[in-house]
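The structure appears right after this line, and notes come after that.
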Amino acid sequence: MNRAPLALVALVLAGTTLTACGSDDGAAADEATGAAGGAAADATQEAGDAASDDASAAAAPADLGVDEIRLDWATYNPASLVLKEQGWLEEAVGDDVTVTWEFSAGSAPANELLRGDVVDFNSTAGAAALLARANGSPLRTVDVLAQPEWSAIVVGPDSDIASAEDLAGKNIAALSGTDPYFFLLQTLDSAGLSVDDVQIVDLPHADGRLALQQGQVDAWAGLDPIMADAVTTDGAELVVREPDRLSYSVLNVREDFLEESPEAVEVVLTQYERARRWIQDNPEETVEILAAAAEIDPAIAEQVLTERTNFDVDPVPGEELADVLSRVVPIVVQGGQVASQEDADAALEELFAPEPVTAAVEAAASEG
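Numbered according to mature numbering (1 follows the signal peptide of the UniProt record, and there is no 0), the sequence shown spans residues -22 to -1, 1 to 346.
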């Protein structure tokens, strides 16, 4: 495969007091009455305190067995933006657990964060999770977040490229290990081309957009919302769009974290499911959150969220996701991204852990 290097700068507590006033008349009777009343008041207060303690205990988060939960957030994962903005996970775990957020610029960087033990959870494309697992990364896919059409082959406004066949002999920017990259490989295959027929320039998504804008590459395997912004701002065009070639947006967890802290995993997935449902009920607010996080025009964020992303998906990783990934396996093997067909098949067989999100969906529904 030809590769060309390209350097680019890339609670306030309030107390209440009750005071009682007594009379000096009818001392004995009053003292008896007062004593009885005081005893009753004390008993009532004690019962109230006990009830309050019970309620507080019931509301307190369970012991999750961890001191910290580390997650990534990304503009290509709107649920992460909503969850981070609303602070629901922090509320759910309480003061004894620290929630740490790390920015991810794409599936490949997200997988490096997980492989490097910087995060416990990361968000990627399904195909990128498969590739990482096949190459030894200790992750499991635990949640399906959305079905986005988040990539296409993008060209400049004056390009003569109009089809997949026209990519022959061209320089194409794509970030290896990401859904746009796998989209590119499938696009080439559909046209009877291989990686040897093009020159792939391995660049982060934002740098790929810049390289296209400056004419340093002929095409770019783009990623939303950067891709949508390029179309609106730069006049770029999407010349190859095939949503069926794209894998789902998924959430993964480090395998040891899943095995050692299943309660924490379920809490995270419950809040993620809450965020996914909130997005569907609050599209306008979600647009504002995405636009601010990605620093793009709200109209572009609206296009990404309403026209090119389906959040009404089954969050349990299963047959639908497996079908998509099974189509990717031979292509990544042929492209040298995985050592062997056996490694890829084994990774797909071991990738999904559906039990935690099944329980989380029920928990999220009970929360309302």
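Backbone N, C-alpha and C define an ideal beta-carbon position, used for all residues, glycine too.
As computed with DSSP, Ile257 is found in no beta bridge at all. Apart from sequence neighbours up to five positions away, the residues of its chain that approach Arg219 with a beta-carbon distance below 6 Å are Ala130, ordered along the chain. Taking the CA atoms as reference points, Thr264 sits about 21 Å from Ala208. Distance between Gln177 and Asp323, taken at the CA atoms: about 28 Å.
Per the DSSP secondary-structure output, Ile131 pairs in a beta bridge with Ala199 and Val218. For Arg93, the secondary structure class from DSSP, reduced to helix, strand or coil, is helix. Take Glu345, set aside five residues on each side of it, and the residues of its chain with a beta-carbon closer than 8 Å to its own are Thr248 and Arg252, in chain order. The three-state secondary structure of Ser58, taken from DSSP, is helix. The Cβ atoms of Thr119 and Leu283 do not sit closer than 8 Å to each other.
Pro332 and Val307 do not touch by the CB rule: their CB atoms are close to 20 Å apart, not below 8 Å. Three or more Cβ pairs drawn from the region 94 to 111 and the region 230 to 239 lie within less than 8 Å of each other, which places the two stretches in contact. Annotated three-state conformation of Ile309 is helix, per DSSP. Within the same chain, and ignoring the five residues on either side of Asp167 in sequence, the residues whose Cβ sits closer than 7 Å to its Cβ are Ile309. Residue environment analysis places Asn149 among the buried positions, since at least 16 neighbouring C-beta atoms fall within 10 angstroms of its C-beta. Closest in C-alpha terms to Gln191, from the list Asp136, Ala338 and Gly147, comes Asp136. Restricting attention to Ser318, Trp128 and Asp321, the CA atom closest to the CA of Glu285 is found in Trp128. Val228 carries a strand assignment under DSSP once its states are collapsed to helix, strand and coil. The region 45 to 56 and the region 75 to 86 touch, with three or more beta-carbon pairs separated by less than 8 Å. The beta carbons of Val195 and Ser141 sit no closer together than 8 Å. Across the structure, Arg223 and Ala105 are spaced so that their CA atoms are roughly 10 Å apart.
Glu273 sits in coil when the DSSP states are folded into three classes, being neither helix nor strand. Cα atoms of Ala325 and Ala112: separation of roughly 5 Å, rounded to the nearest angstrom. Looking at the DSSP output, Glu238 sits in no beta bridge, so it has no partner there. For Asn100, the beta-bridge partners assigned by DSSP are Asn230. The Cβ-Cβ distance between Asp175 and Ala146 falls below 8 Å. Put simply, of Leu61, Ala70, Leu59 and Lys62 the residue whose alpha carbon is nearest the alpha carbon of Ala242 is Ala70. Non-local C-beta neighbours of Phe289 in its own chain, meaning closer than 6 Å and more than five positions away in sequence, comprise Ala124, Arg254, Ile257 and Gln258, ordered along the chain.
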